[in-house]
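S.K.: Residue numbers (the working numbering): 4 to 493. Here it is: the structure, laid out below.
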Ligand SMILES: [Zn+2]
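Here it is, written out as structure tokens:
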């Protein structure tokens, strides 16, 4: 959860987009795509395509957050729009953003909205590598891949924000914790990927960047993917399969180029200098876990979750799910100043049967709570919602399960709802994120030597991923080396 209170009316917006898409589907048009030179069946006009991007962009920003560094945002915007200006669709409202997300990811929306995470930026070593990624994503937009891929279901998926979880339309309780951005990362076909790689290479060349840097990017992605070892693979991998193969294909393609690459730009050192001080890994100021306890330094509260539950600290909500996936907990901020008013409003929602609103105290703070039920064809849902007023903010705490499972989960759910407490421990309140620090190496050294001489607060494997090593495991001397300092463990 971050400090900011977001109110994204995503569902209604996307319903509008859906209607537009459905209407357009009645009059499909065929035209030559300017980037690929191929005939393309367009179900959606360019203005509709731009509208789709404009509609979805605020949701992305709200859910993932912008990295709070104006200079870095301006840098990526300038790089991206410079490249896009040389593309076949220069007139789109090209928008490039750095998201405040530790995962290694990059993606594009229809209409020219392109996103890179601070996570992917931390793993890159040069401006040319970043340009390689931007060029690839620009390629998806100019070739109109996502437009023709967006199915109605996927568009509808955008509307299933976590704030809507008591919607009677939600049949699959088990899917709740996975809603959010996951649905947005469309899986492109292999052909689309190949085409975006080809277009990306074209834009890199037009921008006078060194295309020999592009294969490195696939190398990084592959190593990050392997290191995550079946755990939480970087999202980019889910949509961009087989980086190893693509690294070889791209390297071969670059080798075949009949152009003089001597004057092309790499900009390794200037790029790396921009990463100095960048937040690395999850930002604990927005909340972190210590065992089953969730601690939020910025908002100075703690919450105890049931043991063994899966949990995710999203930008707008903290979500937890029972192991069997049949019960969930969710915490978020709401607008109402009065807990009682918020509770009455909650139980008055359509499709929901509310109980009596009881007022009292949780953790010493004014609170209001009610049981409720959500009748559904696929099995009624039941739960409890509690609102707590603390430090001029109102927190909504929600526990939800199938009505028939209420007696099983009542203890866990209500236990969490009643565990809201103020945090006064300075160790928690003062916690700082880990950050990248760049080191100018005076001599060649192995990663182990580097770690010994300039200790980092992350495992050496992580250091190996964010630094480029030669085949002997040495850090190059002509580059800056990245270390990670500070953080909850440092
Ligand atoms: Zn792609």
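For each residue, glycine too, the CB sits at the ideal point set by N, CA and C. Owing to the predicted nature of the structure, the values given are computational and were not obtained by experimental measurement.
(1) Should residue 470 be labelled buried (16 or more other beta-carbon atoms within 10 Å of its own) or exposed?
(2) Looking at the secondary structure, which residues open and close the beta strand (DSSP E) in which residue 117 lies?
(3) Below 8 Å on the Cβ atoms is my contact criterion, and I expect residue 330 with residue 373 to pass it. Report the Cβ-Cβ distance as a whole number of Å.
(4) Decide if the segment 49-58 is in contact with the segment 100-119; the criterion is three or more beta carbon pairs, one per stretch, under 8 Å apart.
(5) Looking at the structure shown, is residue 175 part of a helix, part of a strand, or coil, going by DSSP?
(6) Near residue 84, what residues of its chain come up, given a Cβ to Cβ distance below 6 Å and the 5 sequence neighbours on each side ignored?
(7) In terms of residues, what are the limits of the alpha helix (DSSP H) holding residue 66?
(8) So is residue 130 buried or exposed if we call it buried at 16+ other beta carbons inside 10 Å?
(9) Residue 489 and residue 436: beta carbons closer than 9 Å?
(10) So, is residue 395 buried or exposed, given that buried needs 16 or more other C-beta atoms within 10 angstroms?
(11) Taking all protein chains shown into account, do 16 or more other C-beta atoms lie within 10 angstroms of the C-beta of residue 451, making it buried, or fewer, making it exposed?
(12) Tell me whether residue 398 counts as near ligand 1, meaning its Cβ is closer than 8 Å to at least one heavy atom of that ligand.
(13) Please state whether DSSP places residue 335 in a helix, a strand or coil.
(14) Locate the beta strand (DSSP E) running through residue 388, then write down its first and last residues.
(15) Quick check on DSSP: helix, strand or coil for residue 457?
(16) CA-CA distance, residue 359 and residue 465?
(17) Over what stretch of residues does the beta strand (DSSP E) that includes residue 296 continue unbroken?
(18) Say yes only if the C-beta of residue 118 is nearer than 8 Å to one or more non-hydrogen atoms of ligand 1, and no if none qualify.
(19) Which of the three DSSP states, helix, strand or coil, is assigned to residue 341?
(20) Buried or exposed for residue 200, going by 16 or more other Cβ atoms inside 10 Å?
(21) Buried or exposed: where does residue 342 fall if 16 or more other Cβ atoms within 10 Å of its Cβ makes it buried?
(22) Output needed for residue 250: all residues of its chain with C-beta closer than 6 Å, excluding positions within five of it in sequence on either side, in chain order.
(23) At which residues does the beta strand (DSSP E) containing residue 438 begin and terminate?
(24) In chain order, what are the residue ranges of uninterrupted beta strand (DSSP E) at least 3 long that sit wholly in the segment 274-320?
(25) If I measure Cβ to Cβ from residue 285 and keep anything under 6 Å in the same chain, skipping five residues before and after, which residues do I get?
(26) Would you mind reading off the limits of the alpha helix (DSSP H) that contains residue 140?
(27) Quick one: grab the DSSP three-state call for residue 368.
(28) Check whether the segment 203-217 touches the segment 266-279, counting contact only when three or more Cβ pairs, one atom from each stretch, lie closer than 8 Å.
(29) Given a cut-off of 9 Å, decide if residue 375 and residue 389 are closer than it, judged by their beta-carbon atoms.
M.R.: On the basis of the supplied data:
(1) buried
(2) 116-120
(3) With a Cβ gap of about 18 Å, residue 330 and residue 373 do not count as contacting.
(4) yes
(5) Residue placement at residue 175 cannot be trusted, given a pLDDT of 33 that sits under 50; the coordinates are not used to answer.
(6) 97
(7) 49-67
(8) buried
(9) yes
(10) exposed
(11) exposed
(12) no
(13) strand
(14) 384-393
(15) coil
(16) 52 Å
(17) 296-299
(18) no
(19) coil
(20) buried
(21) buried
(22) 218, 221 and 222
(23) 437-443
(24) 291-293, 296-299, 304-307 and 313-316
(25) 105
(26) 130-145
(27) strand
(28) yes
(29) no
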